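Numbering (the numbering used here), first residue to last: 450 to 846.
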Ligand code: ATP
Ligand code: MG
């Protein structure tokens, strides 16, 4: 048993001593059985109700108490302890309206999405496997628990989760499960776009982006995603790019935007529809403007300065998939020779202009400062306060 679980055994033991059942469940069990080195989020499921868990442990946080989740704090570690539950009343093909706490592990496992995610691990290492999840783990197959159509009607996001796990785990999707995604794909339109965004990002960052993107197209899930309905060919081309790993949501979405041929302006519009975080949108649009410079391997100082090192690195990661990466040493050398890297490093600011020259506040002051910044970045003026202030006076004269 991996140490992440061993550390949590006292939590399970304490719940059992109080007369309840408790098991490790979910992704950490799956990943441990797959032999993954890094186990994150050790989740515990229990027959105890939230109020009972709070009586057993001194330090707890009500993380999602209405859904049955209490976080138990143990030293510097914390565990989400969730009461066994069933879900009902899936209106609108989304999350359930009601969760009902139950005392039976089997009921809890039955509501989980895929057989490989429906395994429970006892603290002595015994695996409880009600749906042949171990066989599916061995065969590397993603299979819905129960009738796939029914399960996707309950929660259409599970269809995106299937291809996300395919990419992350390098599994195949069992034929009946895949066929059900194909027939039910339109239900994805009912799902909040932020949740689709999260799954799609994980898919793009997974090790088998290719296969998962192919299924994203063949099942026609893409038709129900913002800005993608008419991009079948571009998505297929994306799915043929090498499976080289990407490391951030920004690189993932830069790849999508570039692959779908979005301009920076179009990317801003589309990513807003996707409800991407603003920071991500800004980075992707900067990156798209950088791409022609990567293709030509031709950057002015101002290009490098405006992009910043972070965007340069992310764009380079994406360009590698198109065999257009620039050796990092070359980029670094060009970037390092910039006279300044940020506006903060400019020897003067707006206050200096007002206090030490005859310039009056107003829009022209901002333009002036921008011109000085550009001149310093280009190397045509030294980053020296006296020189810049004198230049400012001359430009205003
Ligand atoms: P990850 O490694 O990305 O955290 P995970 O399998 O732990 O993968 P989570 O979203 O953290 O995924 O969910 C934890 C568990 O809850 C899953 O393993 C699964 O058993 C169950 N689960 C999560 N989302 C759903 C869903 N939409 N439908 C049914 N069961 C779900
Ligand atoms: Mg998890």
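The beta carbon of each residue, even a glycine, is placed where N, CA and C say it ideally should be.
Here the structure is a predicted model, which means the values were calculated and not measured.
Residues that residue i bridges to, as DSSP identifies them
{"i": "residue 523", "result": "526"}
{"i": "residue 492", "result": "474, 529"}
{"i": "residue 536", "result": "548"}
{"i": "residue 590", "result": "621"}
{"i": "residue 513", "result": "518"}
{"i": "residue 570", "result": "473, 576"}
{"i": "residue 563", "result": "593"}
Heavy atom of ligand 4 within 7 angstroms of residue i beta-carbon
{"i": "residue 560", "result": "Ligands displayed in this structure: ligand 1 and ligand 2; ligand 4 is not among them."}
Between the CA atoms of residue j and residue i - distance to the nearest angstrom
{"i": "residue 534", "j": "residue 601", "result": "19 angstroms"}
{"i": "residue 522", "j": "residue 509", "result": "6 angstroms"}
{"i": "residue 825", "j": "residue 659", "result": "45 angstroms"}
{"i": "residue 668", "j": "residue 558", "result": "27 angstroms"}
{"i": "residue 638", "j": "residue 680", "result": "17 angstroms"}
{"i": "residue 614", "j": "residue 542", "result": "20 angstroms"}
{"i": "residue 707", "j": "residue 766", "result": "13 angstroms"}
{"i": "residue 577", "j": "residue 634", "result": "31 angstroms"}
{"i": "residue 693", "j": "residue 800", "result": "48 angstroms"}
{"i": "residue 466", "j": "residue 713", "result": "59 angstroms"}
{"i": "residue 696", "j": "residue 529", "result": "27 angstroms"}
{"i": "residue 630", "j": "residue 594", "result": "14 angstroms"}
{"i": "residue 813", "j": "residue 653", "result": "45 angstroms"}
{"i": "residue 514", "j": "residue 458", "result": "22 angstroms"}
{"i": "residue 591", "j": "residue 511", "result": "32 angstroms"}
{"i": "residue 623", "j": "residue 607", "result": "14 angstroms"}
{"i": "residue 722", "j": "residue 651", "result": "18 angstroms"}
{"i": "residue 674", "j": "residue 798", "result": "45 angstroms"}
{"i": "residue 793", "j": "residue 698", "result": "27 angstroms"}
{"i": "residue 670", "j": "residue 677", "result": "10 angstroms"}
{"i": "residue 834", "j": "residue 811", "result": "21 angstroms"}
{"i": "residue 499", "j": "residue 526", "result": "19 angstroms"}
{"i": "residue 628", "j": "residue 596", "result": "12 angstroms"}
{"i": "residue 644", "j": "residue 729", "result": "16 angstroms"}
{"i": "residue 845", "j": "residue 821", "result": "12 angstroms"}
{"i": "residue 603", "j": "residue 778", "result": "51 angstroms"}
{"i": "residue 504", "j": "residue 471", "result": "15 angstroms"}
{"i": "residue 687", "j": "residue 768", "result": "13 angstroms"}
Short Cβ contact (8 angstroms threshold) for residue i with residue j
{"i": "residue 724", "j": "residue 646", "result": "yes"}
{"i": "residue 743", "j": "residue 773", "result": "yes"}
{"i": "residue 764", "j": "residue 806", "result": "no"}
{"i": "residue 780", "j": "residue 761", "result": "yes"}
{"i": "residue 469", "j": "residue 495", "result": "yes"}
{"i": "residue 830", "j": "residue 843", "result": "no"}
{"i": "residue 609", "j": "residue 563", "result": "no"}
{"i": "residue 454", "j": "residue 481", "result": "yes"}
{"i": "residue 611", "j": "residue 626", "result": "yes"}
{"i": "residue 464", "j": "residue 477", "result": "no"}
{"i": "residue 549", "j": "residue 537", "result": "yes"}
{"i": "residue 632", "j": "residue 598", "result": "yes"}
{"i": "residue 461", "j": "residue 493", "result": "yes"}
{"i": "residue 616", "j": "residue 663", "result": "no"}
{"i": "residue 690", "j": "residue 770", "result": "yes"}
{"i": "residue 734", "j": "residue 716", "result": "yes"}
{"i": "residue 746", "j": "residue 827", "result": "no"}
{"i": "residue 849", "j": "residue 796", "result": "The shown model of the chain, from 450 to 846, leaves out residue 849, and the question about it has no answer."}
{"i": "residue 555", "j": "residue 561", "result": "no"}
{"i": "residue 710", "j": "residue 683", "result": "yes"}
{"i": "residue 532", "j": "residue 497", "result": "yes"}
{"i": "residue 666", "j": "residue 685", "result": "yes"}
{"i": "residue 832", "j": "residue 775", "result": "no"}
Q) So which residues touch the region around ligand 2, with touch meaning a C-beta under 6 angstroms from any heavy atom? A) The answer, residue by residue, is 475, 476, 490.
Q | Given 8 angstroms, three or more beta-carbon pairs between the segment 450 to 463 and the segment 581 to 595 | A | no
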